[in-house]
Amino acid sequence: MLVGPDGPRPKGDAVSLTVLSECSVDIGAVGGVGELAAVLARDGVALFDGVRTEPQLLQLATRLGQLVHHRDNSRTGLTVISDRGNDRPPTGQGGFSRHALSAHTDCSNVPRPPLLVAMTCNQTADHGGDCVLVDGRAVHEELADRAPEALADLSARRGAYFGGAAGIVGNVFEPNPCGLVGIRLRRDRLARFSPQTQRWLAVLAQVIDRHTVTIPTRAGSGYVVNNRRWLHGRTAFTGPRRMYRALIEPRPAWRIPAGFTPVVAP
């Protein structure tokens, strides 16, 4: 059952432009990885089951494309995400705590973030720890329809700074000359916003909440998202939750766009 901030969401509800239950892929079937890539190219998100261990996720990731290095990787090239017991984790290390993670994109502090983020559950929490997904295209569409001035400022060049000393200047929505829009967002102390962007952050948060889908986490279940279209996060949890993450640059043959085509141009 897919649930939003106000309870279960029926099929066709405006929580997102796609119905996540229609994005589930049997990756163990013949051509399953190709189908997963096709769903990602179409909808920007794909759900799967049957991937519980690091070698299993590593195999899936390398079939999709090339692993992208991250500071927190293990020797396998993946990141093990679990509670390290720090109630006040350092800035940028909130993923290694039991606290909720607001919906965000990964590697917002680099000029070209990895296009795909794959996450799978090795061990569930005792309570909580569900996955949170938000379609940035749906957020963009609602802003274009209901708050065009906000969208304009959230899309302006040099509207935000993401990262520490070696961060990047960008904004929440980043149009490119090809007609695509990429989303870039984090909401911790490593994100700073210009006054014209700052004034719309509360509006942005409300729209994100309206398009949030929460997926109960099960051992072996996971997702792959287009990191330039979908935001991802989690709810707070207790217990020994363990997730594996892969950052991936997909094979060009999969034709996965670096962003989304906006319903309404900014």
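For what it's worth, the numbering used here labels the leading residue of the sequence shown as 38, then goes sequentially. Think of the CB as a built atom: it goes at the ideal place given N, C-alpha and C, for glycine as much as any other residue. This structure is a prediction, so every number in the text was calculated from the model and none was measured.
Is residue i helix, strand or coil by DSSP?
i	result
Trp-237	coil
Thr-272	coil
Gly-76	In the sequence on display, residue 76 carries Val and not Gly. Looking at Val-76 - three-state DSSP - the assignment turns out to be helix.
To the nearest angstrom, report how far apart residue i and residue j are at their CA atoms.
i	j	result
Asp-109	Thr-128	14 Å
Leu-188	Leu-268	17 Å
Leu-222	Ala-162	26 Å
Arg-247	Asn-123	31 Å
Gly-207	Gly-259	30 Å
Asp-172	Gly-296	11 Å
Leu-138	Gly-132	7 Å
Thr-153	Ala-203	The amino acid occupying residue 153 in the given sequence is Leu; Thr does not appear at that position. Cα to Cα, the separation comes out at about 22 Å.
For a quick check, are the C-beta atoms of residue i and residue j less than 8 Å apart?
i	j	result
Leu-284	Val-105	yes
Gly-65	Pro-287	no
Arg-149	Ala-256	no
Leu-77	Val-261	yes
Val-244	Glu-179	yes
Trp-67	Phe-85	At residue 67 the sequence reads Val, which differs from the Trp that was named. No; because the gap between Cβ atoms is not below 8 Å, this pair is not in contact.
Val-300	Ala-181	yes
Leu-241	Leu-191	yes
Using C-beta distances below 6 Å, list every residue in its chain close to residue i, excluding the 5 sequence neighbours before and after it, in chain order.
i	result
Ala-74	Trp-291
Thr-277	The sequence shown places Pro at residue 277, not Thr. For Pro-277, where only same-chain residues beyond five positions count, the Cβ hits under 6 Å are Gln-160.
Ser-231	Gly-196
His-136	Ala-273
Arg-229	Tyr-198
So, at 7 Å on beta carbons, what are the nonlocal neighbours of residue i in its own chain, with the 5 sequence-adjacent residues on each side left out?
i	result
Asp-167	Thr-251, Ile-252, Pro-253, Thr-254, Arg-271, Thr-272
Thr-113	Glu-91, Leu-95
Leu-115	Glu-91, Leu-94, Leu-95, Tyr-281, Arg-282, Ala-283
Q. Can we say the stretch 226 to 245 touches the stretch 259 to 266, given the rule of at least three CB pairs closer than 8 Å?
A. no
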